[in-house]
Amino acid sequence: MRTASSDTTNAMVDTNIAVYAYDADEGRKHERARQLLRALSDSGRLVYSTQVLNEFYSTMIRIGRKRGWSHDDVAEMVRELAATGKVAPLTEQVTFRALDVLGRHPLPFWDALIWAAAREHAVPIVYSEDFPHETSIEGVRFLNPFRMPEEALV
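In this text, residue positions in the sequence shown follow the working numbering: the first is 560, and each later residue adds one.
#1: Thinking just about the alpha-carbon of each residue, which of 579, 601, 589 and 695 is nearest to the one in residue 567?
#2: Can you check which of these residues, 705, 578 and 707, is closest to residue 641 by C-alpha distance?
#3: For the region 693-705 against the region 625-635, do three or more pairs of beta-carbon atoms, one drawn from each stretch, fall closer than 8 Å, so that the two count as touching?
#4: Excluding the 5 residues flanking residue 569 on each side, which residues of the same chain have their C-beta closer than 6 Å to its C-beta?
#5: From 623, 699 and 651, pick the residue whose C-alpha is nearest to that of residue 664; which is it?
#6: Under the assumption that residue 637 contacts residue 615 (Cβ atoms under 8 Å), give the Cβ distance between them as a whole number of angstroms.
#7: Does DSSP classify residue 713 as helix, strand or coil?
Right under this line is the structure:
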């Protein structure tokens, strides 16, 4: 499968994409997110920020309460997710880079951390629905996979 990035370019996904990949109630978004994660993982290009794994747990445990998922169920989902890609650590340097970008761009702090992790680990693409599609911030391009044509992900 091909994505909007080249076949060798690493790409990060935001928490919302990971959540949709596991939440079957999301219909089209669920299928699109699963397709994207599979394509990136199969090509060895998928990267997660540690922050995404943490937010994924927090979100899925909330969703899981309504569905009968236990802590162990959700913890296993996090482990499965991490096993599909590389994990970029959330370091002191990533935090400082996020703080620096906030002075130049009006971002929520948590989104600045996603950007900073991508930038710090030389990941030029982040898939997210939290940013306007095709926004670029200092070398990191944000793509909304739900606004992309089907063939761009295949």
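Heads up, the beta-carbon is just placed ideally off N, CA and C, and yes, glycines get one too.
Taking the structure as given:
#1: Cα-wise, what sits closest to residue 567 is 601.
#2: Ranking the options by Cα distance to residue 641, first place goes to 578.
#3: The region 693-705 is not in contact with the region 625-635.
#4: By the criterion of a C-beta distance shorter than 6 Å, residue 569 is surrounded in its chain by 604, 606 and 682, once the five residues flanking it on both sides are discounted.
#5: Of 623, 699 and 651, the residue nearest in Cα terms is 699.
#6: Right, the Cβ-Cβ distance comes to about 6 Å (below 8 Å), so this counts as a contact.
#7: Any reading at residue 713 must be qualified, since the residue scores a pLDDT of 42, below 50, and its modelled position is unreliable; the value itself is stated next. In this structure, residue 713 counts as coil in the three-state DSSP scheme.
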